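To get this note's numbering, take the position in the sequence shown, counting from 1, and add 7. Report on the following structure.
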Amino acid sequence: MNLKSLIFDKNQMNLFFIVLLILSCTDENTYNVNTIVIPEDAGTIEPNSGLFIGGSELTFEANAKDDYSFVRWSGDVDEETNPFIIKINSDLSIVAEFKENQIEETDPDADGDGVKDSEDLCPDTGQGFPVDGTGCRIRNEYDDSYFLVWSDEFNYDGELAEDKWHHQVIPPNNGSWWNNELQHYTSNIKNSFVSDGTMKIAAIKENFTFDNSTKNYTSARINSKYAFKYGRVDVKAKLPSSPGTWPAIWTLGTNINEVGNYFGDSQGSVGWPKCGEIDIMEQNGWAKNELYGYFHFANPDGSYGSYGDKTNISNASGTYKVYSMIWTDKVIRILVDNNEFVSITNNDNVPYDNPHYLLLNIAMGGNLGGEVSSNFTEDRMEVDYVRVFQRN
């Protein structure tokens, strides 16, 4: 072998090792980067998936398509900056997350009543007033000069709406209620609940103890959390039929200081009857074909005063009747099915110039309930709606 051949062979070998070294290094430092777009077709990523040399720095940029916006990078990275720079040292999965843009409202609700302007027949109603599907205020079915201001239609199930009703459960008369009543009032759902579009107040025969006072019956007495001065009240209800039950739909002045009522802690300043009471409907326990409408108040000298009347009614437990009160600064009228049966002049001699709240309850026994049958187990007052209306 001559020297020239030896040198050539040596050069060939050196070149071989150099190429081998380069290829070896390239295989060890090439990494796979997989790019993913979520939601699919919401945008693109540059650069796209591919093999990249280890140690290199790459800039990844997410580009949103129309109607989408970039949110963040995820996968093997956690970034919110777009674009962002990363050094490639391993295989990576890089995810660009996008969100769909909210379509700008094209049908506004200028008066804020919940009905879009394109469907609103009364575009100046304003917020806070109940409206129908046309955006117009709801008028009373008997007198369209009155507009709905508050109601419970009982179009839900379960417990009574907490934002509308308060359970009055603390007996104010040394562990008992007034008028020789035999029940405790509770907030238990079995005594007051909503189902199938109506509210039920259930009087139940059971032993119940409250503050060491035990009674043989339970029921519910609920206060509205809404108070009003003047207006019309309509309550559509069926009454209990059992002897000894004493159902009532009535109002008291928010200034009564009776323990446990909803307004007493904040507004209670006078006792009963100075606060004023309006009995829209009471029924005694022995003549279920009669109704009472009554007013209780304090005379100017502070003495007790009352006025009222009764009317006949048929099948009050089997069919719904509408029990109503119309209250103005001049007169208060009580009606059943829109037929007035008693009224009182409203003047300085009676205390009906302050806000009142609604009460619904069933008492057991007592002065107006009378004797409860030994066979009694349970009975109910069922209420389809409670509505308060006022004039503009």
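Heads up, the beta-carbon is just placed ideally off N, CA and C, and yes, glycines get one too. Computed from a predicted structure; not experimentally measured.
- Straight through space, the alpha carbons of W334 and Y359 are spaced by roughly 9 Å.
- Counting along the chain, N268 sits inside no beta strand (DSSP E), nor does DSSP assign it H or E at all.
- When DSSP states are grouped into helix, strand and coil, N198 belongs to the coil group.
- In the three-state scheme derived from DSSP, where H, G and I count as helix and E and B as strand, L65 is classed as strand.
- By the criterion of a C-beta distance shorter than 7 Å, H303 is surrounded in its chain by P280, E284 and S313, once the five residues flanking it on both sides are discounted.
- Assigned with DSSP and collapsed to three states, L375 falls in helix.
- Counting only runs of 3+ residues, the beta strand (DSSP E) found wholly inside the stretch 210–240 occupies 220–226 and 228–235, in chain order.
- The C-beta separation of G372 from N214 comes to about 15 Å, leaving the pair out of contact by the 8 Å criterion.
- Beta-bridge annotation (DSSP): N41 is paired with S100.
- Around the beta carbon of S152, fewer than 16 other beta carbons lie within 10 angstroms, which makes this residue exposed.
- In this structure, the beta-carbon distance from Y327 to D286 does not fall below 8 Å.
- Contact between the stretch 60–68 and the stretch 125–133 is absent: fewer than three C-beta pairs spanning the two stretches fall below 8 Å.
- Check the Cα spacing between I45 and each of D336, G165, I101 and Y311: the tightest is with I101.
- Taking 3 residues as the shortest admissible run, the stretch 285–351 contains the following complete beta strand (DSSP E) segments, listed from N- to C-terminal end: 297–305, 311–319, 328–334 and 338–343.
- Taking 8 Å as the cut-off, the Cβ atoms of I95 and G61 count as close.
- The DSSP-derived three-state label of Q109 is coil.
- No residue range can be given for A168, since it is assigned to no beta strand (DSSP E) and is classified by DSSP as neither H nor E.
- Pairwise C-beta distances place the stretch 199–218 out of contact with the stretch 346–366, as fewer than three of them are shorter than 8 Å.
- Under DSSP, S273 shares a beta bridge with no residue.
- With respect to F105, N89 sits apart: the two C-beta atoms are not nearer than 8 Å.
- Setting aside the 5 residues that flank it on each side, Q134 is surrounded in the same chain by G119 and D120, each with a C-beta closer than 7 Å to its C-beta; the list follows chain order.
- A straight-line Cα-Cα distance of about 40 Å links Y224 and R146.
- Taking G165 as the centre and dropping the five residues before and after it, the same chain places the C-beta of F200 and V201 closer than 7 Å to its C-beta, in chain order.
- V329 has its alpha-carbon roughly 35 Å from the corresponding atom of T221.
- For G82, the uninterrupted beta strand (DSSP E) segment begins and ends at Y75 to G82.
- With 16 or more neighbouring CB atoms inside 10 Å of its own CB, E389 falls in the buried class.
- Taking a C-beta distance under 8 Å as the contact criterion, S331 and R239 qualify as a contact pair.
- Around P115, the same chain offers D124 as residues with beta carbons nearer than 6 Å, after the five sequence neighbours per side are excluded.
- Between the stretch 263–271 and the stretch 172–180, the count of Cβ pairs shorter than 8 Å is three or higher; the stretches touch.
- By the criterion of a C-beta distance shorter than 6 Å, T51 is surrounded in its chain by N70, once the five residues flanking it on both sides are discounted.
- Per DSSP, reduced to three states, the secondary structure at V390 is strand.
- Exclusion of the five residues before and after N262 leaves Q274, G275, S276, V277, C282 and N361 as the residues of its chain whose Cβ lies within less than 7 Å of its Cβ.
- Counting along the chain, the unbroken beta strand (DSSP E) around L155 starts and ends at F154 to D159.
- Assignment of V357 by DSSP, reduced to helix, strand and coil, places it in the coil class.
- If you draw a straight line from the Cα of P250 to the Cα of N346, it comes to about 26 Å.
- Nearest to L155 by alpha-carbon distance, out of V40, F348, E53 and Y237, is Y237.
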